[in-house]
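Colleague: The structure follows.
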Amino acid sequence: MTALDHIRNFSIVAHIDHGKSTLADRLIQTCGGLTAREMTEQVLDSMELERERGITIKAQTVRLDYKAHDGETYQLNLIDTPGHVDFAYEVNRSLAACEGSLLVVDASQGVEAQTLANVYQAMENDHEIVSVLNKIALPAAEPERVRQQIEDVIGLDASDAVKISAKTGLGIENVLEAIVTRLPSPRGDRGKPLKAMLVDSWYDAYLGVVVLVRIIDGVMKKGQKVTMMATGGQYQIDQVGIFRPKQEKVTELGPGEIGYLTAAIKQVADTRVGDTITEEKNPTAEALPGFQPAQPVVFCGFFPVDSGEFEDLREAMGRLRLNDASFEYEMETSAALGFGFRCGFLGLLHLEIIRERIEREFDIELITTAPSVIYQVYMNDGSMKELHNPVDLPDPVQIDHIEEPWIEATILVPDEHLGAILKLCEDRRGRQKELTYAGSRAMVIYMLPLNEVVFDFYDRLKSISRGYASFDYQITGYETGNLVRMSVLVNAEPVDALATIVHGGRAEQRGRVMCEKLKDLIPKHLFKIPIQAAIGGRIIARETIGAMRKDVTAKCYGGDITRKRKLLDKQKAGKKRMRQFGKVDIPQDAFIAALKMDEN
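For what it's worth, my numbering labels the leading residue of the sequence shown as 141, then goes sequentially.
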């Protein structure tokens, strides 16, 4: 059992790619968490996707024992957090379990938008923050400039920032010393009733749900009967343990410690993140404040390419939901695409990750419809409906007004790309809020409609700034907008997978782009195919795909013109009949390509 003043709980916060996971590797290695043979790159990124994309998706935890320079042995509990904006709620709950943070900043890149967002979250959780300048071995590193930037932009005193190179292991000892000397120890009382915070949970095929907990007061041990205060579930603990990073059973967990418990819990949905766990017989007086549940902001439909795989898809969704409580789905049907699911995500990266996991881990090919956001539709009778799918928009006659979600976006960009970024934001109906400078980089804060950001804003931002701009956002609320539903008709049949809600002022431009794109994407048939974009009954754009020409007169050598005429008239009649009954096949990749709008 470790005394409270010898425990340190900390997390690592940083922008994507500034070296959080690599630093975690070095800390594990230095403290002997794993033997040299077991060490792999990014130990804590265990998902195949995390390794491939080089990002952290799930927050992971590990306990290390460190013998400090003063001869004492300290217990260090590290929680590695994701850096990406879509996983901000993962970061938030990880921070709530700690007392301190290491702020990792790349000494060549400097402070980025996500750095700011994550640091402010740490400050809101009253964290003591130690600044770490990583990658100082790179030729482009400018530690002094970046140290100044931390002071100017974030307002943290960075005079004693630790300089390291996580890749080579330079300065890792200094980081460990800083953790021990500069971060506070947790507070708690062994004698009080058990009070533990549920930090995370995931599903294990052998143990059921594994629950990651941070003990605030009291002691947790095997055989105890516990209650989840928010859900009211009661369980008997089968085992308690810690991660080093491998699972290791322990007899008990005391105040300030971070570990896991298993209790034959069947579903992850029964364990609410931020819930308080207490003893059934001797409960704690008041629950912890908990977290806001993660709200999905982007919705889209998933349909299997092969409709026979629908049941497999349902099972795959259920299994992903076991590990990711922020992912929501419900069944829906579409005339064009058959049976599928309407899914809710925290952002576009989250959507991409889930889609890729389904295709990879369950081997199901998917069609994904256009991403959309939640609109609030106010009816003439005073009621309000939430609209997740553009196809469900009620008759415009009954609608009083529609409100759409807006975000506040923080963009950090080098000076030379500022003009292009401002133009991009203006094109997306943005309103500039403020513009400040930190050295040679501009920090722009814009109000933007989420609908305009959801499509390809991030890709455009990266391409026009050559990858140097960084972007972070939070949802601010709803505002009334001039919004209409644009439907796409192919051969006079509406294609509901391509229906979108657009701003009235841009509908024609969007419709024209969509029709031109589909004209190139849909292969020719034996009859003419009209492609139209419509708002209600009004056609706003049209393109026509010409018919494939089959030369029916090829077998006529010379002879009378009437014979050729007869064959051509017969072909014409056939094409006319075909246009009435012919079915247009829209290839799978045409859907996906049509939904990637690029505004050149």
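Using N, Cα and C, we set each Cβ at its ideal position, and we do this for glycine too.
Can you give me the C-alpha to C-alpha distance between GLY194 and THR640, rounded to a whole angstrom?
Modeller: Reading the sequence shown from its first residue, position 54 is the one you call residue 194. Reading the sequence shown from its first residue, position 500 is the one you call residue 640. Interpretation of GLY194 is limited by its pLDDT of 46, a score under 50 that renders its predicted location unreliable; no figure is taken from the coordinates.
Colleague: Got a sec? Which residues, its chain only, sit under 6 angstroms from ARG354 by beta carbon, not counting five neighbours each side?
Modeller: Here the question's residue 354 lines up with position 214 in the sequence shown. ALA237, MET337, VAL339, ILE398.
Colleague: Flag this pair as yes or no: are the beta carbons of ARG203 and ARG384 separated by less than 8 angstroms?
Modeller: For the purposes of this step, residue 203 is taken as the residue at position 63 of the sequence shown. For the purposes of this step, residue 384 is taken as the residue at position 244 of the sequence shown. A contact, by the Cβ cut-off of 8 angstroms.
Colleague: Please state whether DSSP places ASP700 in a helix, a strand or coil.
Modeller: Your numbering for residue 700 matches position 560 in the sequence shown. Three-state DSSP puts ASP700 in coil, outside helix and strand.
Colleague: Going by DSSP, what residues sit across from ASN274 in a beta bridge?
Modeller: Here residue 274 refers to the residue found at position 134 when the sequence shown is read from its first residue. The partner list for ASN274 (beta bridge, DSSP) reads ASP246.
Colleague: Could you check what DSSP says for CYS655 in three-state terms: helix, strand or coil?
Modeller: Residue numbering aside, residue 655 sits at position 515 when the sequence shown is read from its first letter. The answer is helix: DSSP assigns CYS655 an H, G or I state.
Colleague: Please state whether the Cβ-Cβ distance between ILE615 and TYR586 is less than 8 angstroms.
Modeller: Taking the sequence shown and counting its residues from 1, the one referred to as residue 615 is at position 475. Taking the sequence shown and counting its residues from 1, the one referred to as residue 586 is at position 446. Contact: no.
Colleague: For the region 303–370, list the beta strand (DSSP E) runs that are entirely contained and at least 3 residues long, ordered along the chain.
Modeller: 335–344, 348–357, 365–368
Colleague: For THR367 versus GLN374, is the C-beta spacing smaller than 8 angstroms?
Modeller: In the sequence shown, counting from the first residue as 1, residue 367 sits at position 227. In the sequence shown, counting from the first residue as 1, residue 374 sits at position 234. Taking 8 angstroms as the Cβ cut-off, THR367 and GLN374 qualify as a contacting pair.
Colleague: By Cβ distance, which residues of its chain are closer than 8 angstroms to ILE382, with the 5 residues on each side in sequence left out?
Modeller: Translated into positions along the sequence shown, residue 382 becomes position 242. These residues qualify, in order along the chain: ARG203, GLU388, VAL390, LEU393, GLU397, ILE398, GLY399, TYR400.
Colleague: Using a Cβ-Cβ cut-off of 8 angstroms (strictly less than) and excluding sequence neighbours within five positions of THR576, which residues of its own chain qualify?
Modeller: For the purposes of this step, residue 576 is identified with residue 436 of the sequence shown, where counting begins at 1. For THR576, where only same-chain residues beyond five positions count, the Cβ hits under 8 angstroms are ALA582, MET583.
Colleague: List the DSSP bridge partners of PHE611.
Modeller: As a working mapping, residue 611 is identified with position 471 in the sequence shown. DSSP, once it has assigned bridges, lists ILE551 as partnering PHE611.
Colleague: So, at 7 angstroms on beta carbons, what are the nonlocal neighbours of ASN622 in its own chain, with the 5 sequence-adjacent residues on each side left out?
Modeller: To locate residue 622, count along the sequence shown from 1; it is residue 482. Excluding five sequence positions before and after ASN622, the CB atoms of its chain that fall closer than 7 angstroms to its own CB belong to HIS643, GLY644, GLY645, given in chain order.
Colleague: Would you identify the three-state DSSP class for PRO115, choosing helix, strand or coil?
Modeller: Outside the displayed span of the chain (141 to 740) sits residue 115, for which this structure offers no information.
Colleague: Less than 8 angstroms between the beta carbons of PRO429 and ASN149, yes or no?
Modeller: For the purposes of this step, residue 429 is taken as residue 289 along the sequence shown, with counting starting at 1. For the purposes of this step, residue 149 is taken as residue 9 along the sequence shown, with counting starting at 1. No. Outside cutoff.
Colleague: Should VAL531 and LEU491 be called a contact, given that it needs their Cβ atoms to be closer than 8 angstroms?
Modeller: The residue you call residue 531 lines up with position 391 of the sequence shown. The residue you call residue 491 lines up with position 351 of the sequence shown. Result no, Cβ atoms of VAL531 and LEU491 do not sit closer than 8 angstroms.
Colleague: Give the C-beta separation of HIS158 and SER610 to the nearest angstrom, bearing in mind that I take them to be a contact with Cβ-Cβ under 8 angstroms.
Modeller: On the sequence shown, position 18 is the one that residue 158 refers to. On the sequence shown, position 470 is the one that residue 610 refers to. Their Cβ separation, rounded to whole angstroms, is 11 angstroms, which puts HIS158 and SER610 out of contact at 8 angstroms.
Colleague: Quick check: the region 492–506 against the region 403–422, are there 3 or more CB pairs under 8 angstroms?
Modeller: no
Colleague: Quick check: what's the CA-CA separation for GLY372 versus ASP410?
Modeller: As a first step, residue 372 must be located in the sequence shown, where it is residue number 232. As a first step, residue 410 must be located in the sequence shown, where it is residue number 270. The alpha-carbon atoms of GLY372 and ASP410 are separated by roughly 9 angstroms.
Colleague: Less than 8 angstroms separating the beta-carbons of ASP612 and GLN261?
Modeller: Here the question's residue 612 lines up with position 472 in the sequence shown. Here the question's residue 261 lines up with position 121 in the sequence shown. Cβ distance not < 8 angstroms, so ASP612 and GLN261 don't count as in contact.
Colleague: Give me the residue from GLY559, HIS557, MET471, LYS361 with the minimum Cα distance to HIS528.
Modeller: Within the sequence shown, residue 528 is the residue found at index 388, counting from 1. For HIS528, the nearest C-alpha among the options comes from MET471.
Colleague: What does DSSP give as the partner residue(s) for GLN169 in the beta ladder?
Modeller: If you number the sequence shown from 1, residue 169 lands on position 29. According to DSSP, which records beta bridges pairwise, GLN169 is partnered with nothing at all.
Colleague: On a CA-only basis, which of ILE312, VAL245, LYS335 is nearest LYS361? Give me that one, please.
Modeller: Your numbering for residue 361 matches position 221 in the sequence shown. The option with the nearest alpha carbon to LYS361 is LYS335.
Colleague: Between the region 207–220 and the region 262–273, do at least 3 Cβ pairs fall closer than 8 angstroms?
Modeller: Cβ pair count under 8 angstroms is below three, so no.
Colleague: Mind the definition here: the region 677–685 touches the region 646–653 only if three or more C-beta pairs lie below 8 angstroms; say whether that holds.
Modeller: yes
Colleague: From VAL357 to GLN538, what distance separates their C-alpha atoms?
Modeller: As a working mapping, residue 357 is identified with position 217 in the sequence shown. As a working mapping, residue 538 is identified with position 398 in the sequence shown. Note that residue 357 is Asp in the sequence shown, not Val. Approximately 56 angstroms between the Cα atoms of the pair.
Colleague: Indicate the three-state DSSP secondary structure (helix, strand or coil) for HIS158 in the structure shown.
Modeller: By 1-based counting over the sequence shown, the position of residue 158 is 18. Here HIS158 sits in coil by DSSP.
Colleague: Counting along the chain, where does the alpha helix (DSSP H) carrying LEU623 start and finish?
Modeller: If you number the sequence shown from 1, residue 623 lands on position 483. No alpha helix (DSSP H) contains LEU623, which is instead part of the beta strand (DSSP E) from 623–630.
Colleague: Within the continuous beta strand (DSSP E) that includes LYS389, where are the two ends?
Modeller: Taking the first residue of the sequence shown as 1, we reach residue 389 at position 249. Counting along the chain, the beta strand (DSSP E) containing LYS389 begins and ends at 387–390.
Colleague: Is ARG689 helix, strand or coil by DSSP?
Modeller: Residue mapping note: residue 689 aligns to position 549 of the sequence shown, counting from 1. DSSP places ARG689 in coil when its eight states are reduced to three.
Colleague: Report the option in ILE290, LEU310, ALA403, LYS307 whose CA atom is closest to the CA atom of TRP342.
Modeller: If you number the sequence shown from 1, residue 342 lands on position 202. Measuring from the Cα of TRP342, the nearest candidate turns out to be ALA403.
Colleague: Check this for me: beta carbons of LEU235 and ILE269, under 8 angstroms apart or not?
Modeller: For the purposes of this step, residue 235 is taken as the residue at position 95 of the sequence shown. For the purposes of this step, residue 269 is taken as the residue at position 129 of the sequence shown. No, the pair does not count as a contact, with Cβ atoms beyond the cut-off.
Colleague: Taking the CB atoms as reference points, tell me whether LEU216 and ILE152 lie closer together than 8 angstroms.
Modeller: Position 76 of the sequence shown, counted from the start, is the residue given in the question as residue 216. Position 12 of the sequence shown, counted from the start, is the residue given in the question as residue 152. Their beta carbons are not under 8 angstroms apart, which means LEU216 does not touch ILE152 by this criterion.
Colleague: By Cβ distance below 8 angstroms, which residues in the same chain neighbour ASN740 in space, the five residues on each side in sequence not counted?
Modeller: In the sequence shown, residue 740 corresponds to position 600, counting from 1. With a pLDDT of 44 at ASN740, under the threshold of 50, the modelled position of that residue is not reliable, and the figure given next carries that caveat. The answer is none, since no qualifying residue turns up.
Colleague: Where do the ends of the beta strand (DSSP E) carrying ASN149 lie?
Modeller: Taking the first residue of the sequence shown as position 1, residue 149 is located at position 9. Here the beta strand (DSSP E) through ASN149 covers 147–153.
Colleague: Helix, strand or coil, according to DSSP, for ASP205 in the structure here?
Modeller: As a working mapping, residue 205 is identified with position 65 in the sequence shown. The DSSP-derived three-state label of ASP205 is strand.
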